[in-house]
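Below you'll find the structure, written out as C-alpha cells, and then a few comments.
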Amino acid sequence: MKIQHSLLKFGLVTLIFFVMSCGGNNPQKKPGGREAVKDTVFAVQTMVLKPGDITNYIRVNGEIRNATSVDVFPNVAGKISRILVSQGQFVQRDQVLLYVDPSRPGAEFVESPVDAPISGIIVSFPFSLGATVGPQTPVAKIAREGDLELVTSIAERFAAQVKPGLVANVNFEAFPGRTFTARVVFVSPVLDTLSRTLETKLRLDNPAPSIRAGMFADVKIITEVRRRVLRVPSDAVVSRFGETFVFVAKEDGTAEKRIIVKGLEIDNITELVEGVQANERVIIRGQTLLENGSKIRVIDQGGES
772 MKIQHSLLKF GLVTLIFFVM SCGGNNPQKK PGGREAVKDT VFAVQTMVLK PGDITNYIRV
832 NGEIRNATSV DVFPNVAGKI SRILVSQGQF VQRDQVLLYV DPSRPGAEFV ESPVDAPISG
892 IIVSFPFSLG ATVGPQTPVA KIAREGDLEL VTSIAERFAA QVKPGLVANV NFEAFPGRTF
952 TARVVFVSPV LDTLSRTLET KLRLDNPAPS IRAGMFADVK IITEVRRRVL RVPSDAVVSR
1012 FGETFVFVAK EDGTAEKRII VKGLEIDNIT ELVEGVQANE RVIIRGQTLL ENGSKIRVID
1072 QGGES
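In C-alpha cells form, the structure reads like this:
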C-alpha cells in the first residue's frame, strides 16, 4: 500500500512538472492570435523633414576639343621642301607654314608656299620634310585659340532628357576641388548606330586659360531640379511584402508606419511625394526591425533633411 502511494505521488509530481514545462515554452496568446512577448524598446536615430531641393542629373565623361578648326591644303602636288612652323605654334592668317616643291625629273619649278587660312594654333602637323603631298592632302590643322568645346556622348536611354540650354557641372583631374559650369549647345539629331549614343557639345561659361584641348572631363548634366520637396536618405525607406514605407517617431515614444510614394531617387537621397508631412521626425537608423507601434528611444536627434 505504501509502495502504491509513493508511485502515485511520484506520478503526480511528474505530471505537474510536465505541465509547467509546457506552459513555460508557450507564451500566452493575445486577442487575435498574436503571441504576447516582452516589450522591446528600439534605439533609433531621427531627422526632421524640411522642404528642400533635389537634383536629377546624367553623369558622363567628356573631352575638350577645339570648336573651330581648319584643315590646310597645298595648291600643288610635290614634296615638302621647307617647314617653317611646328605643332603647337600660334600662327597668323596668311603666314607661310611650309613650301612644296612640284619639280619633276627633267623639269624645275618654283616652290609653292602653303599659307595659314586663319589665325590660331597648329594642332596637327603630320608630315615631315621630303614627304609627298597633293592638293587633296591636309598638311596641317589650325584651331582658333581659346575657342574650346566639351564633347561627350549620351546613352540612348537618356536621349529624351538632353536638350540645348541645360546646365552642367564639370570637373577636371588637372583642377582638383574646382568645379566649372557649362551649357549644352548642341545635341545631335541622329543616334550613332554603333554606340547607340548621341553626340552632345557643351561650352564652358568661364574656362580657365590653362584648360587645353584633349583634357578629360567628368560631367554632370542637370536635367531636373525639384524645389521645396521632402526627402530622406534612401536607407530610411523600408520595403516589405510589396509595401514601401518609412517610420515616423511619435511623441508617445512609439514608431508609426507610413506608406509612402517615392519620387526622384539619386545619390542615396529619396524624394517623398506622399505619406509624410513637413516637420515630422522620420526614423533614419534602427528602423529595419520596427513594426507599427514599436516602442522606441531616440538616441540621436538628427538635423533637418
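Here our numbering runs 771 ahead of the position in the sequence shown, where the first position is 1. All C-beta atoms in this analysis are idealised placements derived from N, C-alpha and C, irrespective of residue type, glycine included.
Residue range of the unbroken beta strand (DSSP E) whose run includes residue i
i	result
R1002	F987 to P1004
N977	Neither: N977 is in no beta strand (DSSP E) and is coded neither H nor E.
L719	This structure cannot speak to residue 719, because the chain is shown only from 772 to 1076.
R954	T950 to V958
K912	A911 to A914
F943	V938 to F943
Proximity of residue i and residue j at Cβ, strictly below 9 Å
i	j	result
R1029	F1016	yes
G901	F861	no
A1007	E1062	no
V1053	V1044	no
V871	V856	no
V941	F951	yes
V894	I913	yes
A838	R997	no
A848	T903	yes
E834	F1012	no
F813	K1066	yes
A984	R864	no
L869	A911	yes
Selected residue, minimal CA-CA separation from residue i, among the options
i	options	result
K1021	V815, D810 and T811	V815
N1039	I1031, P1004 and L1060	P1004
G1064	G1034, N942, G1024 and G1057	G1024
I722	S840, V1009, V922 and G833	Absent from the model: residue 722. The displayed extent of the chain is 772 to 1076, so no value can be given.
P845	F951, E927, S981 and I854	I854
S966	T923, D1071, G985 and A1049	T923
R949	T971, V812, F929 and D989	D989
F1018	D842, G1046 and I992	G1046
S748	S899, G1057, F943 and V831	Lying outside 772 to 1076, the shown extent of the chain, residue 748 is not represented and no answer is given.
A926	G985, F896 and N832	N832
T994	P935, L868, V1000 and L969	P935
Cα-Cα separation between residue i and residue j, rounded to whole angstroms
i	j	result
N977	R1068	51 Å
S883	G859	23 Å
I825	I1037	8 Å
A931	E1051	36 Å
G905	A953	40 Å
G1034	E1042	5 Å
T971	G877	54 Å
T1059	D1071	17 Å
K800	D810	Its pLDDT being 46, under 50, K800 is placed unreliably in this model, and the value from its coordinates should be taken loosely. So the two alpha carbons sit approximately 14 Å from each other.
G917	L820	47 Å
F880	S874	5 Å
F929	T817	35 Å
S840	I889	9 Å
P822	T964	43 Å
A939	L919	16 Å
T947	R915	The residue asked about is misnamed: residue 947 is Pro in this sequence, not Thr. In a straight line, the C-alpha of P947 is about 27 Å away from that of R915.
I829	A887	40 Å
Q866	V843	12 Å
G1057	L937	40 Å
K850	L921	37 Å
V1000	V956	30 Å
F898	P909	9 Å
V896	Q907	A small fix is needed here, since residue 896 is Phe in this sequence, not Val. Their backbone Cα atoms lie some 15 Å apart in a straight line.
Q1048	E1014	19 Å
N827	P960	23 Å
A979	S852	39 Å
Beta carbon proximity, residue i to chain C, threshold 9 Å
i	result
E882	Of the protein chains in the structure, only one exists, and it is not chain C.
Residue i CB to nearest heavy atom of the ligand NAP below 8 Å
i	result
R853	This structure lacks the ligand NAP; in fact it carries no ligand of any kind.
Query - In chain order, each alpha helix (DSSP H) run of at least 4 residues that lies wholly inside the stretch 810-890 - result: Counting only runs of 4+ residues, no alpha helix (DSSP H) is found wholly inside the stretch 810-890.
Query raised in the report: Taking only runs of the beta strand (DSSP E) that begin and end inside the stretch 1008-1070, which ones reach a length of at least 3 residues, in chain order?
Result: 1009-1011, 1014-1020, 1026-1030, 1032-1037, 1040-1045 and 1052-1056
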